[in-house]
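Trainee: One structure, pasted below without further comment.
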Amino acid sequence: EYGRNLAAFGVVAADIPAYRSLWQCVAPQEKQELIHF
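In full-length UniProt numbering, the protein residues as written are 1 to 37.
Spelled out as structure tokens, the structure:
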């Protein structure tokens, strides 16, 4: 949800190191490498 909200403002959440770290902690293993909204 947070990443989609940022995308609405033109921010690429996948480019934020802290967001990538969070994603890798909470995403299923098969989806950890690809952040797609």
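Cβ coordinates follow ideal geometry from the N, Cα and C atoms, glycine included.
Less than 7 angstroms separating the beta-carbons of Gly3 and Ala13?
Mentor: Here residue 3 is taken as the residue at index 3 of the sequence shown, counted from 1. Here residue 13 is taken as the residue at index 13 of the sequence shown, counted from 1. Cβ atoms of Gly3 and Ala13: closer than 7 angstroms.
Trainee: Considering Gln24, what are the terminal residues of the alpha helix (DSSP H) in which it resides?
Mentor: Taking the first residue of the sequence shown as 1, we reach residue 24 at position 24. First-last of the alpha helix (DSSP H) with Gln24: 17 to 26.
Trainee: Tell me the DSSP secondary structure of Gly3 in three-state form.
Mentor: Along the sequence shown, read from residue 1 onward, the residue named residue 3 stands at position 3. Note: Gly3 maps to helix in three-state DSSP.
Trainee: Could you check the C-alpha separation between Gln32 and Ile16 for me, to the nearest Å?
Mentor: Here residue 32 refers to the residue found at position 32 of the sequence shown. Here residue 16 refers to the residue found at position 16 of the sequence shown. C-alpha separation (whole angstroms): 15 angstroms.
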